[in-house]
Every structure is written in structure tokens, then in C-alpha cells.
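As C-alpha cells, the structure follows; a few thoughts come after it.
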Amino acid sequence: MIINLGIIYALIVGFLFVLCGKIVYLNVVKGDNYSIQVLQQQSFTSRVIPYKRGDIKDRNGNVLATSVMVYNLIIDSKLIMSDEEKYLEPTIDALVKYFDFEEEDLKTGIEEHKNGNYWVAKKELQYEEIEEFQAYLQGEYADTDEEKEKVQNTKGVWFEKQYKRMYPYNSLACSVLGFSNMNNEASLGIEASYSDELNGVEGREYGYMDAENNMEMVVKDAQNGNNVISSIDMNIQRIVQNAIDKYMAKYEPKRIAVVVADPNTGEILAMGDDQTFNLNKPTSAHKGYSKSEWKKLSKEKQSEVLNSVWSNYCITDSFEPGSTAKAFTVAAGLEEGVINKNTTFTCDGYEKVDIYKIGCHDTSGHGTIDAKEAIAESCNDYMMYIGRQLGADEFMKYQARYGFGMKTGIDLPGETRGIIYDKERGMGEVTLATNSFGQNFTVNMIQMVSAFSSLVNGGYYYEPHVVKQIVTEDGSLVKNYSKTLVKETITKETSEFIKKSLRQVVLTGTGTTAAIEGYTVGGKTGTAEKVNTSGTGIGRIKNQYILSFIGCVPIENPEVVCYTLMDTPEENAEATAYNTELWTYIMKQVLPYLGIEKTAKE
């Protein structure tokens, strides 16, 4: 008997535990749904309380993207038409007066929606636009009994709150920021990469009539999204975009793109190209088309045009680096010991590789030069010599070490890998020769900035990033994205030699037009004839060149790296000086802004 009672007791206790668990589940997981079902049985109404998507700010706290409250004017036609004679005329009169409706159109609209409780009659009104009407409903303008009666009979109008994404500086950093729609969805830029952090949780307001016919309200507050603090400096970004506009107009190239970064952290300070658009009106970004021409395009073509404007060239497009790759080749040769800083080689203007005669840019030859001079004078022959000494396997190993052919991990969507040779594709003798001086493989701008930064900062490759921190609405730290060391590419000794060589480029070599008075500038020029990628043929595109310059200041201990690219200026396609002029124009403004010391000796 005692055993049976024990079993019964255990069953009861177990049942109670199961029941408690079910109650907890219903309350926590299904609570909102069941609340709605219960309240619906008591003249239930429910409205969503929108959350505010978090702000995106620059590194100094300037707001680059925010969400502002707007109001949709909702008309409950069913309520108005429930007593048409009493409610219709005063409601129409008030709406016409305060919202500039056409009387007949409004009346027709109410009648057409007479069976509905929810008609969005106007969208995205500012608070200033609804303020007077709300004051009217409160009776503030009713001085007579007749006016008070009209106010009381103005029925079926309410305002639905909604947040609208706003970008205070329109096109500034547009390809970095991206944009989100009214549903807080994004596919581009920081808006997409950090959407989960920026988005909050919707709240809900429940209303129902209790047993005594009183309206009871239950409010579950919305949780606003977190703010994102980017590494972008608004002022440097503005300098970059103004410079791009200036030089697009001056030399009329097909494309200009610029990246400015901190070589000691991987932080991107500015990034942009000539394809800008207004973030507040992104679908109007169809440059080169009149309104009539745009309407005639198919949806597919319109999408293609918009995506080309929205894309971030600095990460989505790849190109041959040209001579900017030569510093990497020399660094690899030094690391593997196939050359040293005093190793000389005689450049006679070309190298015979297999059955091909591959020329140096100076067809008369540079004569006998050492490694520093080879970088300064941008000698193809010396690079081919290093490549031959390294061999294909070692050369490819260093390309991978520098991050070429793979994504950098930058916190933006759409990055391309570029194309390099690997063991599967095989690197022949000719390909090794051309790769050594920057041809027949492709990179994107962020890959080059990250790899170059490691050459000049002592050999440390940091993951590039455009976001520094995630903070709550009140500023409390959620996440901190400090510098992330990925690997070491070269030794400090090699880095010191490369920096001296890059300084020589600007002092006496191919980059003298990049000199800035008072500053120790170091860098490397690049000129690469463009490759036909259209699918209509194979080979180079005659008289079309990617001109580039990547440099840092001060060369002794670099604090800033800037990489500029110019695609085929209109009048002189090979004018490297046009691009270095752009570089110096930007850096003459950036260096004093950042407070970088002048270290050049008089």
C-alpha cells in the first residue's frame, strides 16, 4: 500500500513538473501568440511598435546613417462610413485643411475602402506635418460649440509610426555604407555586413475592451538596434571624394579609385571611386540616362546599371597591379636569400624567356643596378632575374603569403579574390617572368593596401576592416574590433630595406612627382596595360592602362597608406604623373589633418 502511494505521489509530482514546463514554454516561446488569441476574443486591436535601426557613425562620432521617425496617415474608412452623415463631412474637411487633400479624391478613396479599417492615405509624413492636426483633434482650435462638435465627429484617422533611413551627407562614403530599405533590409556595405547588430526587436501594443467596456492597453516596448562606429574618417572621405571629382573632370579617365588606411591596424580611413550615388535616393542612380531612356530599359538592364553604380570598386573589381608588385618580388628574393641588398644585375633592356623576348620598360636597359635601384627605376629585367632564382613554387608561396588570390576578410560584402596561378593551374617559365613585375595575375585594391602595409610596418599583416566598435544606444560597448594580426609576411630587416627603396622611388626614381615638401614619402608607381576580359578576344587592349601609386608617410615609421588608381586618362593613357598628381593632391590635405610630422631633412 505504501509503495502504491509512493508511485502515485511520484506520478503527481512528475505531472506537475511537466505542467510547469509547458506553462513556461507557452509564456516564453508562444506568449505573444497566445496573448493575441486571448485578446482577440475581447475586441482585440494590435499595433506593431517599430524599433529604431542603429546609427552608423564615423570614427569621430559624426552620424553617417540614422533612422528618423515618420508617420503614415491611416484612415479607418469602415468607422467613418458606419455613420456617414455624422462622420464623413467633418473628417474630410479636417483632412483637406491640414493635409492638402483634394476633397473629391479623398471622398472617393474613403468610399472605395468603406469595408476596410486600414487605408494608407499618405506616407512618410514628418512630425511637423501632423502636429497641427493632432492639436486640432485635442480641441485646441475649437472655440465654439459647433467647432467642438466637428472635432468630436472627426473619426477614423490615426498615424502609424515608422522609421525611415536617412543619410545626412547623401553620397559620402556611399559604397562603404550601403543602404537599407523601409523593412531594414540591406545587401550592400556596412548596412548589410552589420545588419544583425543594427536591427532591433519590434514591440507591440495590444488593446482590448474589458468586461466593463473600458479600453485596456498592454505595451511591449521595442528594443532599438545597436550603433556601429566605423573606422571611416568623414573628413578624409570628403577629401578623397572631392579629389576624385576634380581629377575625373581634369583628365577624363574611365575610372578613379582611392583607399586610405592605417598600416598599423588595418583600419580603412577612406575608400571611394567615381561611381557615387545619393544614399537617400539609391534607385535614382542611373547616370548617363535621361528619364525617358531609363523607362525604356528592361527591369534586368535597369538592375544591371544600378548594381554597377552601387558596387564598391575597391573590393569588387580586380586588375593587374603592374609595377607596384615589384617591391613584393624584391622582398621575397631577400627573404629567401636568392639576392641581398647589394646583389647587382645588368639590365640590357630585355630578357629571353623560352621563345619570347620580354622587354623592360626602358628598352635601352638600366645597366648594372642593385636591388634598391631596381625598385626605384622599376626594372623588369631585375624582377625576372629574381623570379628565376626563386622558382615558380617559391614565388607562388609568397603571393599567397601576401594574400593575393584570396579574400582579405574585410567586413564588407562582395570582395573578389583576384586571379593568381597555383600548382593546379601551373606557372610556366614565361608566366613566372611576367608575374615577377606585376602582369598576368590580378588583385583588388584592399589586397594591395593590406599587403603593402605589411611591407612597410615591419612585416605584420593585419586584417582590413571598416568597423571599430559596436555600442548600444546609450554608448555602452558591445563589441570592440581591435587590430587583428593575421600573419607575418617578411622580417623587420627586409621591411627596413623595402622602405629605403620606396623612399628612393620618390627621391630619384619613377615616383618623383609624388614628393611632398617636408614629408618623407615612400611609394611605388604602377602601369599595367589592360587585359581584354569581354570574352570577344584574348590579349591586351591597346592604349588602355591602369595607372597606380601606393605610398606611405612618414617612410621611417608609416602612419598612413594611400593607394590611388586611374584607368586610362583621355589624352595620355600612360601618364603615370597624372595619377601621382592625384595622390599628392589628396595627401597634401590628409597629412596635416592627421597631424603627421614633417620629418624630411632640408
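For the sequence shown, the working numbering assigns the number 18 to the initial residue and increments by one for each residue that follows. Built from N, CA and C at the ideal position, the CB exists for glycine as well. Nothing here was measured: the structure is a model prediction, and the numbers come from that model.
Counting C-beta neighbours from all protein chains within 10 Å, is the total for residue i 16 or more, i.e. buried, or is it exposed?
i	result
residue 174	buried
residue 417	exposed
residue 78	exposed
residue 495	exposed
residue 361	exposed
residue 143	exposed
residue 442	exposed
residue 389	buried
residue 214	buried
residue 629	Because the chain in this structure spans residues 18 to 619, residue 629 falls outside the shown range and cannot be described.
residue 549	exposed
residue 60	Interpretation of residue 60 is limited by its pLDDT of 48, a score under 50 that renders its predicted location unreliable; the figure taken from the coordinates is listed afterwards. Result: exposed.
residue 234	exposed
residue 415	buried
residue 527	buried
residue 111	buried
residue 81	buried
residue 583	buried
residue 577	buried
residue 554	Interpretation of residue 554 is limited by its pLDDT of 42, a score under 50 that renders its predicted location unreliable; no figure is taken from the coordinates.
residue 55	Because the pLDDT of residue 55 is 43, which lies under 50, any placement of that residue in the model is unreliable, and the number read from its coordinates should be weighed accordingly. Residue 55 comes out exposed.
residue 552	The pLDDT assigned to residue 552 is 46, lower than 50, so where the model puts this residue is not dependable; a value taken from the coordinates is nonetheless given after this. Exposed is the call here.
residue 58	Residue confidence is low: residue 58 scores 43 on pLDDT, short of 50, so the model does not pin down where it sits. No coordinate-derived value is stated.
residue 236	exposed
residue 145	exposed
Pull up the CB-CB distance for residue i and residue j, whole angstroms please, since I reckon it's below 8 Å.
i	j	result
residue 522	residue 532	With a Cβ gap of about 10 Å, residue 522 and residue 532 do not count as contacting.
residue 218	residue 68	6 Å
residue 544	residue 564	6 Å
residue 245	residue 71	6 Å
residue 383	residue 364	4 Å
residue 12	residue 386	Outside the modelled stretch of the chain, which goes from 18 to 619, sits residue 12, for which no answer is possible.
residue 440	residue 395	That pair is no contact at about 29 Å.
residue 530	residue 598	6 Å
Does the Cβ-Cβ distance between residue i and residue j come in under 8 Å?
i	j	result
residue 183	residue 75	no
residue 421	residue 464	yes
residue 425	residue 481	yes
residue 84	residue 181	yes
residue 247	residue 109	no
residue 293	residue 212	no
residue 525	residue 593	no
residue 149	residue 186	no
residue 284	residue 485	yes
residue 562	residue 585	yes
residue 471	residue 506	yes
residue 286	residue 350	no
residue 113	residue 120	yes
residue 536	residue 617	yes
residue 466	residue 516	no
residue 289	residue 346	no
residue 1	residue 172	Given a span of 18 to 619 for the chain in the structure shown, any question on residue 1 remains unanswerable.
residue 645	residue 476	The requested residue 645 does not occur in the structure, where the chain is confined to residues 18 to 619.
residue 261	residue 190	no
residue 88	residue 147	yes
residue 200	residue 242	no
residue 460	residue 478	no
residue 623	residue 595	Nothing can be reported for residue 623, as the shown portion of the chain is limited to 18 through 619.
residue 358	residue 514	yes
residue 328	residue 223	no
Based on DSSP bridge pairs, tell me the residues matched to residue i.
i	result
residue 482	284
residue 175	91
residue 505	477
residue 497	486
residue 244	488
residue 385	363
residue 581	275, 566
residue 373	370
residue 97	DSSP output for residue 97 lists no bridge partner at all.
residue 336	460
residue 438	Answer by DSSP bridge pairing: none, since residue 438 is not bridged.
Does the segment 363 to 373 come close enough to the segment 444 to 460 to have 3 or more Cβ pairs within less than 8 Å? yes
So, does the segment 85 to 93 touch the segment 200 to 220, judging by three or more C-beta pairs under 8 Å? no
Could you say if the segment 264 to 278 and the segment 307 to 319 meet the contact criterion of at least three C-beta pairs nearer than 8 Å? no
Do the segment 565 to 579 and the segment 602 to 615 meet, that is, are 3 or more Cβ pairs less than 8 Å apart? yes
Any chance the segment 431 to 438 sits against the segment 327 to 342, with 3 or more Cβ pairs inside 8 Å? yes
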